[in-house]
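Enquirer: Here the numbering used here is used: position 313 in the sequence shown is 313, and no number is missing along the way.
Built from N, CA and C at the ideal position, the CB exists for glycine as well.
This structure is in structure tokens; I'll ask about it shortly.
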Amino acid sequence: MALKITVIGTGYLGATHAAAMAELGFEVLGLDVVPEKIELLSSGRVPMYEPGLEDLLAKHVAGIEGSTGRLRFTTSWEEVGAFGDVHFVCVNTPQKHGEYACDMSYVDAAFASLAAVVREGALVVGKSTVPVGSAERLAGLLPEGVDLAWNPEFLREGFAVQDTLRPDRIVVGVQDFGARAEKTLREVYAVPVGQGSPFVVTDFPTAELVKTAANSFLATKISFINAMAEVCEAAGGDVAKLAEAIGHDDRIGAKFLRAGVGFGGGCLPKDIRAFMARAGELGVDQALTFLREIDSINMRRRGQMVEMAREVLGGNSFLGRRVAVLGATFKPDSDDVRDSPALNVAGQIHLQGGQVTVYDPKGMENARRLFPTLGYAETALDAVRGADVVLHLTEWREFRELDPAELAAVASSPVILDGRNALDSELWRAAGWTYRAMGRPRA
Ligand code: UDX
């Protein structure tokens, strides 16, 4: 009999995981405590923009014409307990207010509810990003005869479907004598493993740490190149060339070396902070002091972008100056504006009296909700109309494909600051723009 799978928490991670499990051929039941989410998902839709996800849902959600019917959603814990052989816990662990540590209340609540209904012999699999040590504690909440495994998730927004169906590695943490849990998860992931995804089995703490270590490394890479950008600015060097040149060393690698306004989103910033907080509790805070510097280099970038804008506007106040901001999301191909450097810069300039107009291909609704007082335009052209300076802060393809000449004709002053080092500087300069980027010569 094929395993029956439940997915608890249907946010980014859970909704994608549920759809992917159905795609792999399993019967899947997704649970969320928010009834509106369940209603939306049951009609094959998601409350966020993620390429390919709605198509995958429509292919499998029961009740949709032509679907396999393998995927259903519910708010009932009893139903989840009775249904599942394997329960994936995918609830979020946001940063606590006023603290670095992450908020475990959703994970704790999910385990408490699940413990009351789970069948003997079932396997619970944690996917949420948690502080090291959590899995061991949570295992103690489950009834006798129910195993726990920890299986961190590495999906990137914008690539969630592809990262879930063809993960670049599957990491499974099991407790002593975890052979049964490992066997079940090998069955769950038989297809991607068959296609070559490495399957790494380890203990609980290592599995938990793999996730935070990976995110810390990525954050470090970005802040490293941004620190080099600061030095390049002072010394007259070109950070884009520098990144290209060091990236040819395959011990370093070319990816994640794009200097600019830095990282944001719902993961990297909060994960490195939660990691520092946990290291403090473990008495090894010194081991992670460098992450404080990574965080601070990253946050400094936003202020530096604001200062660069001020400088090209004459070095004084933003009062009465018109600033166009291209991009609101923390990265392209997503509508996520959580801790977005783009919106943070837009907000800072607005608070200093600038007339800011933002345009983003997918993030407008979320941006408006978070920063209702900023100006918004329906197109990039409209945002740029009458602008004294244009800030390119999220590297959407749409912005690379803009016609600089068309924009120059409507801007009040053709000055563009590329906060992502992603536009073709020659093209913009040829169309009459003053083009400046972070960490690069002024030309
Ligand atoms: C990240 C991890 O990549 C993923 O493995 C983990 O599961 C969750 O956190 P995500 O938050 O979707 O994924 O975004 P990612 O693609 O990693 O980008 C993070 C931020 O770094 C974005 O704001 C991006 O613009 C920025 N970035 C990325 C840079 O500034 N420079 C780069 O070279 C790369």
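Evaluate the contact criterion for the segment 237-250 versus the segment 314-333: three or more CB pairs, one atom per stretch, below 8 Å.
Expert: no
Enquirer: By a C-beta neighbour count over all protein chains shown, 10 Å radius and 16 as the cutoff for buried, is histidine 248 buried or exposed?
Expert: Here the question's residue 248 lines up with position 248 in the sequence shown. Here histidine 248 is exposed: its Cβ has fewer than 16 other Cβ atoms, across all protein chains shown, within 10 Å.
Enquirer: What's the call for threonine 289, buried or exposed, on a 16-neighbour Cβ count within 10 Å?
Expert: The residue labelled residue 289 in the question sits at position 289 within the sequence shown. By the neighbour-count criterion, in which 16 or more other beta carbons inside 10 Å mark a residue as buried, threonine 289 falls on the exposed side.
Enquirer: Would you grab the beta carbon distance between glycine 260 and methionine 438 for me? Rounded to a whole angstrom, and I think it's under 8 Å.
Expert: Taking the first residue of the sequence shown as 1, we reach residue 260 at position 260. Taking the first residue of the sequence shown as 1, we reach residue 438 at position 438. With 8 Å as the limit, glycine 260 and methionine 438 qualify as a contact, their Cβ atoms being about 6 Å apart.
Enquirer: Whose C-beta lies closer than 6 Å to the C-beta of serine 425 among residues of the same chain, with five residues either side of it excluded?
Expert: Working through the sequence shown from its first residue, we reach residue 425 at position 425. Here the set comprises Tyr435.
Enquirer: Apart from the five residues on each side of it in sequence, which residues of its chain come closer than 6 Å, Cβ to Cβ, to glutamate 120?
Expert: For this step, residue 120 is matched to residue 120 along the sequence shown. Taken in chain order, the residues that qualify are Gly145.
Enquirer: Answer yes or no: do phenylalanine 275 and threonine 212 have a C-beta to C-beta separation smaller than 7 Å?
Expert: In the sequence shown, counting from the first residue as 1, residue 275 sits at position 275. In the sequence shown, counting from the first residue as 1, residue 212 sits at position 212. Yes, the pair counts as a contact, with Cβ atoms nearer than the cut-off.
Enquirer: Mind checking whether valine 7 and phenylalanine 88 have CB atoms under 7 Å apart?
Expert: The sequence position of residue 7 within the sequence shown is 7, counting from 1. The sequence position of residue 88 within the sequence shown is 88, counting from 1. Yes. Within cutoff.
Enquirer: Three or more C-beta pairs closer than 8 Å, one from the segment 385-397 and one from the segment 339-350: is that the case here?
Expert: yes
Enquirer: With a cut-off of 8 Å, do at least 3 Cβ pairs link the segment 364-377 to the segment 303-314?
Expert: no
Enquirer: Run the proximity test for lysine 241: is its beta-carbon closer than 6 Å to any non-hydrogen atom belonging to ligand 1?
Expert: Position 241 of the sequence shown holds residue 241. The closest heavy atom of ligand 1 lies 6 Å or more from the beta carbon of lysine 241.
Enquirer: Let me check understanding here. Comparing Cα to Cα, which of Leu381, Phe26, Ser413 and Val415 lies closest to leucine 402?
Expert: As a working mapping, residue 402 is identified with position 402 in the sequence shown. Of the listed residues, the one whose Cα sits closest to leucine 402 is Leu381.
Enquirer: Taking just the CA atoms, how far does glycine 196 sit from alanine 15?
Expert: Walking along the sequence shown from the start, residue 15 turns up at place 15. Walking along the sequence shown from the start, residue 196 turns up at place 196. Computed Cα separation, rounded: 24 Å.
Enquirer: In chain order, what residues of the same chain lie with their CB nearer than 6 Å to the CB of valine 117, ignoring the 5 residues before and after it?
Expert: As a first step, residue 117 is located in the sequence shown; it is residue number 117 there, counting from the start. For valine 117, where only same-chain residues beyond five positions count, the Cβ hits under 6 Å are Trp77, Glu78 and Gly81.
Enquirer: Let me check you understand the geometry: is the CB of glutamate 398 closer than 6 Å to at least one non-hydrogen atom of ligand 1?
Expert: Residue numbering aside, residue 398 sits at position 398 when the sequence shown is read from its first letter. No, the Cβ of glutamate 398 stays beyond 6 Å of every heavy atom of ligand 1.
Enquirer: Assign threonine 289 to one of three DSSP states: helix, strand, or coil.
Expert: The residue you call residue 289 lines up with position 289 of the sequence shown. In this structure, threonine 289 counts as helix in the three-state DSSP scheme.
Enquirer: Given 8 Å as the limit, is there contact between the segment 403-415 and the segment 205-220, that is, 3 or more CB pairs closer than that?
Expert: As far as the Cβ criterion goes, the segment 403-415 does not touch the segment 205-220, which means the pair count is below three.
Enquirer: Leucine 148: which of Ile170, Arg169, Pro167 and Val124 sits nearest, CA to CA?
Expert: Numbered from 1 along the sequence shown, position 148 holds the residue referred to as residue 148. Comparing Cα positions, the closest option is Val124.
Enquirer: Going by the beta-carbon positions, is the gap between aspartate 336 and glutamate 157 smaller than 7 Å?
Expert: Looking up residue 336 in the sequence shown gives position 336. Looking up residue 157 in the sequence shown gives position 157. Yes, these two residues count as a Cβ contact at 7 Å.
Enquirer: For a cutoff of 7 Å on Cβ pairs, would you count alanine 328 as touching chain D?
Expert: Of the chains in the structure shown, none is chain D; there is only one protein chain.
Enquirer: Write down the C-beta distance between histidine 60 and arginine 70 rounded to the nearest angstrom, noting that I regard them as a contact closer than 8 Å.
Expert: Numbered from its first residue, the sequence shown carries residue 60 at position 60. Numbered from its first residue, the sequence shown carries residue 70 at position 70. Indeed they touch by this definition, with Cβ atoms about 5 Å apart.
Enquirer: Judging by CA-CA distance, which residue of Asn421, Pro143 and Arg321 is the nearest neighbour of glycine 353?
Expert: The residue given as residue 353 occupies position 353 in the sequence shown. Ranking the options by Cα distance to glycine 353, first place goes to Arg321.
Enquirer: By Cβ distance below 8 Å, which residues in the same chain neighbour cysteine 267 in space, the five residues on each side in sequence not counted?
Expert: Indexing the sequence shown from 1 puts residue 267 at position 267. Cβ within range, chain order: Thr129 and Asn215.
Enquirer: Anyone know if the C-beta pair for isoleucine 294 and leucine 257 falls short of 7 Å?
Expert: Taking the sequence shown and counting its residues from 1, one reaches residue 294 at position 294. Taking the sequence shown and counting its residues from 1, one reaches residue 257 at position 257. No, the Cβ-Cβ distance between isoleucine 294 and leucine 257 is not below 7 Å.
Enquirer: What number of angstroms, rounded off, separates the C-alpha of alanine 277 from the C-alpha of valine 284?
Expert: Against the sequence shown, residue 277 aligns to sequence position 277. Against the sequence shown, residue 284 aligns to sequence position 284. Whole-angstrom Cα-Cα distance: 10 Å.
Enquirer: Using CA atoms only, rank isn't needed, just tell me which of Lys270, Phe177 and Arg300 is closest to serine 223.
Expert: Along the sequence shown, one-based indexing puts residue 223 at 223. Comparing Cα positions, the closest option is Arg300.
Enquirer: Measuring alpha carbon to alpha carbon, tell me which of Asp388, Pro35, Gln95 and Gly236 ends up nearest phenylalanine 73.
Expert: Stepping through the sequence shown from its first residue, residue 73 is reached at position 73. Taking only the C-alpha atoms, the option nearest phenylalanine 73 is Pro35.
Enquirer: Can you tell me whether threonine 93 is helix, strand or coil according to DSSP?
Expert: Counting from one through the sequence shown, the residue named residue 93 turns up at place 93. Of the three classes helix, strand and coil, the one that applies to threonine 93 here is coil, per DSSP.
Enquirer: Can you tell me the Cβ-Cβ gap for glycine 280 and proline 205, rounded? I've got them flagged as a contact below 8 Å.
Expert: Locating residue 280 in the sequence shown gives position 280, counting from the first residue. Locating residue 205 in the sequence shown gives position 205, counting from the first residue. In fact, because the Cβ distance is near 16 Å, the residues do not count as touching under 8 Å.
Enquirer: When DSSP builds the beta bridges, which residues end up paired with arginine 322?
Expert: Reading the sequence shown from its first residue, position 322 is the one you call residue 322. The partner list for arginine 322 (beta bridge, DSSP) reads Gln355.
Enquirer: With distances taken Cα to Cα, identify the nearest neighbour of arginine 166 among Gln355, Leu423 and His17.
Expert: Here residue 166 is taken as the residue at index 166 of the sequence shown, counted from 1. Looking at the Cα atoms, His17 is the closest of the given residues.
Enquirer: Quick one: is the Cβ of glutamate 157 within less than 6 Å of any heavy atom of ligand 1?
Expert: Your numbering for residue 157 matches position 157 in the sequence shown. The answer is yes for glutamate 157.
Enquirer: Any heavy atom of ligand 1 closer than 6 Å to the beta-carbon of leucine 343?
Expert: Locating residue 343 in the sequence shown gives position 343, counting from the first residue. Not under cutoff, so the answer is no.
Enquirer: In the structure shown, what three-state DSSP assignment does cysteine 102 receive?
Expert: Locating residue 102 in the sequence shown gives position 102, counting from the first residue. Cysteine 102 falls in the strand class under three-state DSSP.
Enquirer: Return yes when the C-beta of lysine 331 is under 6 Å from any heavy atom of ligand 1, and no when it is not.
Expert: Position 331 of the sequence shown holds residue 331. Checking the Cβ of lysine 331 against ligand 1 gives yes.
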